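Student:
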Ligand SMILES: [Zn+2]
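Residue numbers (this note's numbering): 77 to 387.
Rendered as structure tokens:
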């Protein structure tokens, strides 16, 4: 992998690839594979890092509580200092006052908060640069899901920010939300599932916001999960071009092999330590009820049509 270059042609110090998607669209698999390339590191979802009850109960995908993980323990100490609890509360307040959708959509909501925004951006820059120091990577893959966070963090001068918008057929997404997944942290496990209409609504809002913010992203590419599952190597290769890196040819077999990873806050599948399976996962075509398909299509059809999922 060679050093990415910025708009000016000068080497950018650090590239961040933000894979934006609605939940259950396959971002964990795509991001994990991108993170397997030499010089890249898949960090997980960083925007919820300052969320309520997140630290120190959250587990890294290596199985350690975040603060005891060999990578994240040092990164967070670097960013937060010794007063971890107070620093997290401060960053959560700054994020929620400057990086929500309303702050991007309605600049008046942002008025008088320039200093808080600058403080949040400086802390966010420190986070990504600390990850680079701890891992030696040149590309960080981040599956943070807030489109507004992506707009705001994309303003950080030290980062070459690139958005990959991953879409998946909402009927497949809704079917996946109907299957329970176990989320675990140091306190125990929680089972998460959604009924089809709620999954469809979430898919519509999330993809609608990404579309609404599209012109704010300096670098944007859209990928359909179905195309990625059908031809992973071709899609990865075109994404590397988009990200601005050239990588030596690597077989899919090498990319999907088991490896220790340190992924935060993403889909529970991040705890899978074995080889990564890239599959279409179209069980919904046989098992999803006609009523559920109808409900999902009725809610999401404008964007389904845009992404080629109708007709
Ligand atoms: Zn770890």
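Note that CB positions come from ideal geometry on N, CA and C, so glycine has one too. Every value quoted in this text rests on a predicted model; they were computed, and no experiment measured them.
Any heavy atom of ligand 1 inside 7 Å of the beta-carbon of residue 148?
Tutor: Taking the chain shown and counting its residues from 1, one reaches residue 148 at position 72. Yes - ligand 1 has a heavy atom lying nearer than 7 Å to the Cβ of residue 148.
Student: May I have the straight-line CA-CA distance separating residue 393 from residue 327, to the nearest angstrom?
Tutor: Residue 393 lies beyond the residue range present for the chain, which begins at 77 and ends at 387; the question has no answer from this structure.
Student: Hey, which residues come within less than 5 Å of ligand 1, measuring from Cβ to any heavy atom, in chain order?
Tutor: For ligand 1, the selected residues are 136, 138, 145 and 338.
Student: Considering Cα atoms alone, identify which of 380, 370 and 217 is closest to residue 283.
Tutor: Working through the chain shown from its first residue, we reach residue 283 at position 207. Of the candidates 380, 370 and 217, the one whose C-alpha sits nearest the C-alpha of residue 283 is 380.
Student: Which whole-angstrom value describes the C-beta separation of residue 311 and residue 216, a residue pair presumed to lie in contact below a C-beta threshold of 8 Å?
Tutor: Within the chain shown, residue 311 is the residue found at index 235, counting from 1. Within the chain shown, residue 216 is the residue found at index 140, counting from 1. With a Cβ gap of about 20 Å, residue 311 and residue 216 do not count as contacting.
Student: Determine, using beta carbons only, whether residue 210 and residue 137 come nearer to each other than 8 Å.
Tutor: Taking the first residue of the chain shown as position 1, residue 210 is located at position 134. Taking the first residue of the chain shown as position 1, residue 137 is located at position 61. No, these two residues do not count as a Cβ contact at 8 Å.
Student: Taking residue 101 as the reference, give the member of 202, 119 and 304 with the closest Cα.
Tutor: Within the chain shown, the letter at position 25 stands for residue 101. Comparing Cα positions, the closest option is 304.
Student: Beta carbon of residue 145, beta carbon of residue 295: below 8 Å?
Tutor: Counting from 1 along the chain shown, the entry for residue 145 is found at position 69. Counting from 1 along the chain shown, the entry for residue 295 is found at position 219. Not in contact: residue 145 and residue 295 (Cβ atoms no closer than 8 Å).
Student: Excluding the 5 residues flanking residue 230 on each side, which residues of the same chain have their C-beta closer than 7 Å to its C-beta?
Tutor: One-based indexing of the chain shown puts residue 230 at position 154. The residues are 237, 293 and 294.
Student: If you draw a straight line from the alpha carbon of residue 125 to that of residue 164, how long is it in whole angstroms?
Tutor: Start at 1 with the first residue of the chain shown, and residue 125 comes out as number 49. Start at 1 with the first residue of the chain shown, and residue 164 comes out as number 88. About 8 Å.
Student: On the three-pair Cβ rule with 8 Å, is the stretch 245 to 255 touching the stretch 366 to 383?
Tutor: The answer is yes - the stretch 366 to 383 touches the stretch 245 to 255, with three or more Cβ pairs under 8 Å.
Student: By DSSP, does residue 384 sit in helix, in strand, or in coil?
Tutor: The sequence position of residue 384 within the chain shown is 308, counting from 1. DSSP places residue 384 in coil when its eight states are reduced to three.
Student: Have a look at 153, 221 and 276 and flag the residue whose alpha-carbon is nearest the alpha-carbon of residue 121.
Tutor: Translated into positions along the chain shown, residue 121 becomes position 45. Selected option, being the one with the closest Cα: 221.
Student: Please report the distance separating the alpha-carbon of residue 340 from that of residue 239.
Tutor: Within the chain shown, the letter at position 264 stands for residue 340. Within the chain shown, the letter at position 163 stands for residue 239. Between residue 340 and residue 239, the C-alpha separation is close to 19 Å.
Student: Among the residues of its own chain, which have a CB less than 8 Å from the CB of residue 387, if the five just before and after it don't count?
Tutor: Counting from one through the chain shown, the residue named residue 387 turns up at place 311. Correct list, in chain order: 381.
Student: Name the two residues that bound the continuous alpha helix (DSSP H) containing residue 238.
Tutor: As a first step, residue 238 is located in the chain shown; it is residue number 162 there, counting from the start. Run containing residue 238: none in the alpha helix (DSSP H); it sits in the beta strand (DSSP E), 235 to 243.
Student: Answer yes or no: do residue 218 and residue 116 have a C-beta to C-beta separation smaller than 8 Å?
Tutor: Reading the chain shown from its first residue, position 142 is the one you call residue 218. Reading the chain shown from its first residue, position 40 is the one you call residue 116. Taking 8 Å as the Cβ cut-off, residue 218 and residue 116 do not qualify as a contacting pair.
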